Amino acid sequence: MTHAIVPPYLLARLAADEPGRFPVAAEAARLALLDRPARPRSTVLPPRRSSPGAGLRRTVSDAGHGTDLPGRRVRAEGEPPTGDVAADEAYDGLGATYRLLADAFGRDSLDDAGLPLAASVHYGRDYDNAYWDGERMVFGDGDGEVFGRFTASVSVIGHELAHGLVQHTAGLVYEGEPGALNESVADVVGVLVEQHAAGQRADEASWLVGAGLFTDAVQGVALRSMAAPGTAYGDDVLGRDPQPAHMRDYVRTRDDHGGVHLNSGIPNKAFHLAATALGGYAWQTAGPLWYAALLDPALPSTATFARLAGATVRAARAVGGREQEAVEAAWQGLGVVPEEES
Amino acid sequence: MTTAEPVLVVVVVRTGGLAGLRREWRVEVDEQDAPAWWPLVEACPWDVDLDADGVPDRFVYDVRANEREARLPESRLEGPWSELAEAVRRRAEDGA
């Protein structure tokens with residue numbers, strides 16, 4: 004597992020800075036950091052890009068409704084649209100996610116070293132899913148009855164890529180509480196990609212993950228609601244959205260890797276509460292705090308909600324009293340007591 | 713489905729996936745249809761409980777046939793497992 008090394012307080016402070024000042028400030032801070040006695044480092048700082056987006060390298064492939072990956076390459080970086088909606092949505096979503104990571108966190112792709120971004124579309128037949136296989140995003144077209152194509156929501160594209168971000172940072176184990184945190188981080192990044200692309204403030208955003216994926220036959224607006232976990236859908240066939248919004252309702256189950264897509268509702272709500280309390284653009288306020296927590300060397304891959312909460316509080320404290328208050332209040336309102344020491 | 717007393721009940725439960733939706737497909741097979749279903753069931757190596765593969769957003773399957781059961785990550789739902797699960801889903805959804 005790779006942990007990045009930039010101290011959380013610094014990333015938070017830099018990322019919260021005004022747009023345009025960030026690259027210079029970040030560079031100076033990084034240089035200063037090199038002289039700072041710190042935790043053991045397993046990597047060196049990557050060189051800064053000469054311009055935002057310089058490291059963006061996308062490849063979209065078409066699995067042709069089969070399950071062999073990657074499939075036939077249909078669009079590479081800089082090539083014109085293919086005319087295939089799913090392929091072009093994937094290409095655009097990869098770009099939107101790259102830009103969010105670069106603008107909000109100063110990060111050069113998933114590994115902060117310009118990792119090429121790859122996606123395969125038209126995976127399988129009637130495949131009701133999208134996933135991250137460790138190297139690429141894979142998208143099904145849906146069955147046409149419950150789900151349409153999974154590239155239709157940029158928050159879903161951001162979500163899948165964010166699993167790659169987690170893989171390259173905190174490496175949160177995909178089971179139980181750390182698995183739910185892995186899912187929550189993916190949702191957070193997913194909605195931030197959407198908000199960033201649309202230029203939406205926290206109080207303007209829908210906070211929905213996967214809006215528009217359900218067909219018209221389904222009673223529901225999205226897969227999940229970060230603002231109101233447990234309210235995204237209520238359908239005769241699918242049932243009700245089962246996400247909890249408070250620690251007292253944490254779901255204990257063997258299904259779904261220990262309910263990782265259910266219990267993520269709790270940390271999702273924490274992010275929403277912090278972001279809306281801080282106001283403005285979430286990718287400039289709460290987003291950098293959560294990102295800093297992901298990079299915190301003290302955050303174990305088996306982190307509980309309390310440990311991630313502690314890491315976000317630590318990052319917020321370094322930025323200011325208002326931030327600390329907002330983040331602490333967010334977690335405490337959900338029954339999560341931030342824990343900063345193991 | 714059938715109206716006679718079932719001699720075989722096969723249930724496929726799928727959890728996980730990006731959406732985190734729980735889907736369940738169930739068939740109740742009577743004596744008349746049993747010869748077509750038993751080979752599908754017998755072809756599977758039952759009583760396995762494989763670790764989830766840890767791949768974000770992939771499905772996890774629980775398959776039961778009468779008293780036999782198995783748990784499989786999506787990446788292991790192949791060969792006879794895939795044939796059985798697909799048959800159950802098709803029958804449950806379409807009555808085919």
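If you read the sequences in order, they're chains A and B. Numbered according to our numbering, the first sequence spans residues 4 to 345. Numbered according to our numbering, the second sequence spans residues 713 to 808. Heads up, the beta-carbon is just placed ideally off N, CA and C, and yes, glycines get one too. No experiment lies behind these values; they were computed from the predicted model shown.
Beta-carbon of B:GLY729 versus every beta-carbon of chain A: anything under 8 Å? yes
Assuming A:VAL159 is part of the alpha helix (DSSP H), what are its boundary residues? 157–170
For the structure I just gave you, are there three or more beta carbon pairs, one from the stretch 268–279 of chain A and one from the stretch 82–90 of chain A, closer than 8 Å? no
Under 8 Å, CB to CB, which of the residues in the stretch 747–773 of chain B have a partner in chain A? ALA764, GLY766, VAL767, PRO768, ASP769, ARG770, PHE771 and VAL772
What's the C-alpha gap between B:LEU752 and B:ARG735? 21 Å
How is A:ALA133 classed by DSSP in three states: helix, strand or coil? strand
C-alpha gap between A:GLU331 and A:ASP114, whole angstroms: 29 Å
Going along chain B in order, which residues have a C-beta closer than 7 Å to the C-beta of A:LEU3? No information on residue 3 of chain A is available, as it lies outside the stretch 4 to 345 that chain A covers here.
Residues in the stretch 248–265 of chain A with C-beta within 7 Å of chain B's C-beta atoms, listed in sequence order? ASP258, ASP259, HIS260, HIS264 and LEU265
Three-state class that DSSP yields for A:GLY262 in the structure shown: helix
C-alpha gap between A:GLU326 and A:ASP244, whole angstroms: 31 Å
Give the secondary structure of A:LEU211 by DSSP, where H, G and I count as helix, E and B as strand, and everything else as coil. strand
Taking 8 Å as the CB-CB limit, is A:HIS166 close to chain B? yes
As assigned by DSSP and simplified to three states, the class of B:GLU740: strand
For B:ASP806 and A:LEU241, I'd like the C-alpha separation in whole angstroms. 17 Å
Sequence-distant residues of the same chain with beta carbon closer than 6 Å to A:GLY3, five excluded per side: What the structure shows of chain A is the stretch from 4 to 345, and residue 3 of chain A is not part of that stretch, so it cannot be assessed.
Does the beta carbon of A:VAL159 sit closer than 8 Å to a beta carbon anywhere in chain B? yes
Cβ neighbour criterion (16 or more within 10 Å) applied to B:GLN744: exposed
Could you tell me the distance, in whole angstroms, from the CA atom of A:GLU80 to the CA atom of A:GLY213? 25 Å
Given 8 Å, three or more beta-carbon pairs between the stretch 253–260 of chain A and the stretch 177–184 of chain A: yes
To which residues of the same chain is A:TYR236 closer than 6 Å at the C-beta, ignoring the five residues directly before and after it? GLY223 and ASP244
Hey, is A:LEU120's beta-carbon within less than 8 Å of any beta-carbon in chain B? no
Would you kindly check if the distance between the Cβ of A:ALA133 and the Cβ of A:VAL159 is under 8 Å? yes
To the nearest angstrom, how far is it from the Cα of A:ALA321 to the Cα of A:HIS68? 49 Å
Indicate whether the contact test is met: 3 or more Cβ pairs, each with one atom in the stretch 718–727 of chain B and one in the stretch 771–789 of chain B, closer than 8 Å. yes
Run through chain B and tell me which residues come within less than 7 Å of A:ASN132, C-beta to C-beta. GLY729, LEU730, ASP769 and PHE771
A:HIS162 to A:GLY174 span [Cα, whole Å]: 15 Å
Within a Cβ cutoff of 7 Å, which residues of the same chain sit near A:ALA296, ignoring the five residues on either side of it in sequence? PRO11, LEU302, LEU311, ALA314, THR315 and ALA318
Could you check whether A:LEU120 and A:ARG61 sit closer than 8 Å to each other, using their CB atoms as the reference points? yes
Per DSSP, what kind of secondary structure is B:THR727 in: helix, strand or coil? strand
If contact means a Cβ-Cβ distance below 8 Å, which residues of the stretch 177–211 of chain A contact chain B? TYR177, GLU178, ASN185, GLU186 and ALA189
Out of A:TRP210, A:VAL339, A:GLY324 and A:GLU148, state which residue places its alpha-carbon closest to the alpha-carbon of A:HIS249. A:VAL339
Measure the beta-carbon distance from A:ALA90 to A:ARG78 and round it to whole angstroms, keeping in mind my assumption that it falls under 8 Å. 6 Å
What's the gap between the Cα of A:SER123 and the Cα of A:VAL88? 13 Å
Short check: CB of B:VAL739 to CB of B:ALA782, under 8 Å? no
Can you list, in chain order, the residues of its chain with a C-beta nearer than 7 Å to that of A:ALA289? Leave out the 5 residues immediately preceding and following it. PHE274, ALA277, ALA278 and LEU281
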